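Presented below is the structure to which this report refers.
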Amino acid sequence: ANAVAQFIEALVDKQLKPPMSLTAARGRGKSAALGLSIAAAVAFDYVNIYVTSPHPENLITLFEFVLKGFDALEYQEHADYTIIRSTNADYKKAIIRINITRSSRQTIQYIAPSDTHLLNAADLLLIDEAAAIPLPLVKKMIGPYLVFMASTINGYEGTGRSLSLKLISQLQKDNNARPPLKLEESIRYQENDDIEKWLINLLCLDASTVPSISSGCPTPDACELYYVDRDALFSYHKAAEAFLHRLVS
1 ANAVAQFIEA LVDKQLKPPM SLTAARGRGK SAALGLSIAA AVAFDYVNIY
51 VTSPHPENLI TLFEFVLKGF DALEYQEHAD YTIIRSTNAD YKKAIIRINI
101 TRSSRQTIQY IAPSDTHLLN AADLLLIDEA AAIPLPLVKK MIGPYLVFMA
151 STINGYEGTG RSLSLKLISQ LQKDNNARPP LKLEESIRYQ ENDDIEKWLI
201 NLLCLDASTV PSISSGCPTP DACELYYVDR DALFSYHKAA EAFLHRLVS
């Protein structure tokens, strides 16, 4: 609720601000917060709203909460807005656009991360799973409009804490962005739930604290190739677990 409130505060202000970021582990409600913020942006008359993510399927939850926000605003499908789904078989009929016509023409449009040229008329850009997008592309997306972004600090989105922190530190350096908002409470599990801890450990989802390399990588002729025994690698020995965490991160 606090994250959504801060996003809405920025929307109400309607002043150009540095990018606002939201970080959390999986299942904390990042996409839901972005979706509700989009519904609020529509209510505050933002006209051209763009959403990007590595793949449209990443945005299922986000658009679900856009529609929940519309329900709260008493918007009716077909009367006040129209949903357009992708015809691309790879996207599995994911929502790629919502046209709103209640009081004026407004759009919520999905774009691929590489389609930065489409942002010329943007009023608001939302980037979900920002750390899974190459940093140069994210930096290229920043423009003269509000930018909200969310990143997973662990999980199978391929992000990880190290990439998220690199992205955020770069935004703070280049765009004077403030520290990220954080979501701590799990939606799926109780606090300190043993099953969640077991899953995180099993899937190495907390593989995130790896020391940065202070010098360059060695040349190929100085490297050695080792055969790793599978049973030893998955033996649950502390050394094997530490190696797996470093490998995943």
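For what it's worth, UniProt numbering labels the leading residue of the sequence shown as 1, then goes sequentially. Cβ coordinates follow ideal geometry from the N, Cα and C atoms, glycine included. A quick note: this is a predicted structure, and the numbers were derived from the prediction, not measured.
Residue i to residue j span [Cα, whole Å]
i	j	result
F63	V51	10 Å
T23	V4	13 Å
G158	H245	Since pLDDT at G158 reaches only 46, below the 50 mark, its modelled position is unreliable, and the value read off the structure follows with that caveat. Cα to Cα, G158 sits roughly 14 Å from H245.
A132	Y91	18 Å
Y156	D194	Note on Y156: pLDDT 47, under 50, position unreliable in the model; the coordinate value appears next. So the alpha carbons of these two residues sit roughly 19 Å apart.
G216	L225	19 Å
H191	D221	The sequence given here places Glu at residue 191; His does not occur at that position. When rounded, the distance between both Cα atoms is 49 Å.
S104	Y75	13 Å
D45	N58	26 Å
CB contact flag (residue i, residue j, <8 Å)
i	j	result
A101	D80	It is Thr, not Ala, that sits at residue 101 in the sequence shown. A contact, by the Cβ cut-off of 8 Å.
L124	L146	yes
D128	S21	no
Nonlocal neighbours in the same chain, by C-beta distance under 7 Å from residue i, ignoring five residues either side
i	result
E144	Residue 144 is actually Pro in this sequence, not Glu. These residues qualify, in order along the chain: L16.
V70	Residue 70 is actually Phe in this sequence, not Val. Here the set comprises A39 and Y81.
A43	L73
Sequence-distant residues of the same chain with beta carbon closer than 8 Å to residue i, five excluded per side
i	result
P56	S86, Y91, A94, I95, I96 and Y110
T61	S31, A32 and G35
Q170	L135 and K139
Residues near residue i in its chain [Cβ-Cβ closer than 6 Å; skip 5 each side]
i	result
V66	G35, I38 and A39
L126	L34, V51 and F148
I8	A40
A240	L233
Nearest-angstrom Cβ-Cβ length linking residue i and residue j, presumed shorter than 8 Å
i	j	result
L135	L167	6 Å
Cβ-heavy atom distance, residue i to the ligand FMN, below 7 Å
i	result
L233	What this structure holds is no ligand at all, so the ligand FMN is not there to describe.
Check: Just checking, does the region 135-153 make contact with the region 26-42 on the three C-beta pairs under 8 Å criterion?
Finding: Output reads yes: the region 26-42 touches the region 135-153.
Note to self: If contact is defined by three or more beta carbon pairs under 8 Å, each pair taking one atom from either stretch, is the region 40-54 in contact with the region 102-109?
What the structure shows: yes
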